[in-house]
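Those protein sequence lines, which keep their order, are chains A and B.
Mapping to this note's numbering: the first sequence position 77 is 62, numbers consecutive.
Mapping to this note's numbering: the second sequence position 69 is 212, numbers consecutive.
Each remark here refers to the structure printed beneath this line.
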Amino acid sequence: EAGVAQSPRYKIIEKRQSVAFWCNPISGHATLYWYQQILGQGPKLLIQFQNNGVVDDSQLPKDRFSAERLKGVDSTLKIQPAKLEDSAVYLCASSLDGGNEQYFGPGTRLTVT
Amino acid sequence: GQNIDQPTEMTATEGAIVQINCTYQTSGFNGLFWYQQHAGEAPTFLSYNVLDGLEEKGRFSSFLSRSKGYSYLLLKELQMKDSASYLCAVRDWDTGRRALTFGSGTRLQVQP
C-alpha cells in the first residue's frame, strides 16, 4: 500500500514570496491533516479536512495560509506571503474515517530567508 | 485547550529499559497516542490508549491513567535504532476534532 505522498521535499524561498505544497493521502482515507512542525517542537495542526470539507482550521493563519482539498483526495497548502517564522516542516497526514491511526507523509522542509 | 508536558531529553543504555512520561490537561479527553520520530523523518504511530491501563506491543508498552492525566511509554531491551524523538499526543472530542495535539517530544539517545 502506498503511503502519504508529499512534494516538494525541500523548498527555499525569500520572505514575502509565495509557496505551495502538495499532498496525496493514502487511497480511501477520508480525513486529511496539515501540520506545521517547527524545529524542536511537536507538530501543530493547521487544518483538518473530512473528504473535501474543512473540519477545523482554527489554528490556520488565514491572512497568509490557505488550503484546499478539491474532489476530496489531493490537497494543497499555500503560504502567501511567507514570513521568516514560517520556516518549518509541513507534514501531511491521513486517516480512515473514524480511524485512530494517522499516517504521516515525509514532509516538506521550508526555509524562508 | 490542551497542555502536554514531557521531558525534553533522556539518555539510556543499549539493552536497558526506559520510561518516558507524559502529563496532559484536556477538557474532553478521547485518547492518548505515542509516536516515534527519527531525525528528519515523519512521525510513525506506536500506540493508542483510551482506557486506563497498560497496552503492550512487543518491546513497547504504553500506560494511561485518565484520573491523573498521566501516561508513560516504556521501551524494553533498548536498541541503538530506538534513538529518536517520542511524541505524546492527545485527542480532544470537545471541538469535534479528530486531530491530535502534540507535546514537544522527548529526544531519547541510546548509548552503547
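Ideal Cβ positions, reconstructed from N, Cα and C, are used throughout, including at glycine.
On a predicted model such as this, the values are computed, not experimentally measured, just so you know.
Q.
Taking 8 Å as the threshold (C-beta atoms), are A/L76 and A/G90 in contact?
A. Yes, the pair counts as a contact, with Cβ atoms nearer than the cut-off.
**Q.** Proximal residues to A/E45 (C-beta, below 6 Å), its chain only, five neighbours per side dropped
**A.** For the sequence presented, residue 45 of chain A should be read as Leu rather than Glu. Apart from sequence neighbours up to five positions away, the residues of its chain that approach A/L45 with a beta-carbon distance below 6 Å are L31, I32, ordered along the chain.
Q | Alpha-carbon to alpha-carbon, B/S247 and B/V233 | A | 12 Å
Q. Is the shortest distance between the beta-carbon of B/G171 and the beta-carbons of chain A less than 8 Å?
A. no
Q. CB-CB under 7 Å to A/V39, same chain, minus the five flanking residues each way: which ones, in chain order?
A. Answer for A/V39: I32, listed in chain order.
Q: Check each residue of the stretch 39 to 67 of chain A: if its Cβ is closer than 7 Å to any Cβ of chain B, include it; give the result in chain order.
A: For the stretch 39 to 67 of chain A, which is checked against every Cβ of chain B, the residues closer than 7 Å are V40, D41.
(Q) Taking the alpha carbon of A/Y88 as the reference point, which residue from A/I11, A/Q35, A/A15 has its own alpha carbon closest? (A) A/I11
Q.
Given this structure, state the Cα-to-Cα distance separating A/D48 from B/A242, to the nearest angstrom.
A. 22 Å
Q.
So, with DSSP's three-state summary, where would you put A/G57?
A. Three-state result, A/G57: helix.
Q) Cβ of A/W19 within 8 Å of Cβ of A/D59? A) no
Q: Within its chain, find whatever has a CB closer than 6 Å to the CB of A/Y(-5); leave out the 5 residues flanking it on each side and keep chain order.
A: R94
Q. The beta strand (DSSP E) spanning B/T166 covers which residue range?
A. 161 to 168
Q | Whole-Å CB distance - A/A5 paired with A/K63, under 8 Å assumed | A | 5 Å
Q. Which residue from B/Y215, B/L216, B/H181 puts its Cα closest to that of B/M223?
A. B/H181
Q) The beta strand (DSSP E) with B/T244 in it runs from where to where? A) Taken as a continuous stretch (DSSP letters only), the beta strand (DSSP E) holding B/T244 covers 243 to 245.
Q. In this structure, does DSSP put B/E152 in helix, strand or coil?
A. strand
Q) Cβ atoms of B/W236 and B/G196: under 8 Å apart, would you say? A) no
Q) What is the residue span of the beta strand (DSSP E) that B/D235 lies within? A) 227 to 235
Q: Report the partner residues of A/G38 according to the DSSP bridge assignment.
A: A/Q35
Q: Identify whether A/E70 lies in helix, strand or coil by the three-state DSSP scheme.
A: helix
Q: State the beta-bridge partners of B/E199 as determined by DSSP.
A: B/S204
Q: Using three-state DSSP, classify B/K224 as helix, strand or coil.
A: helix
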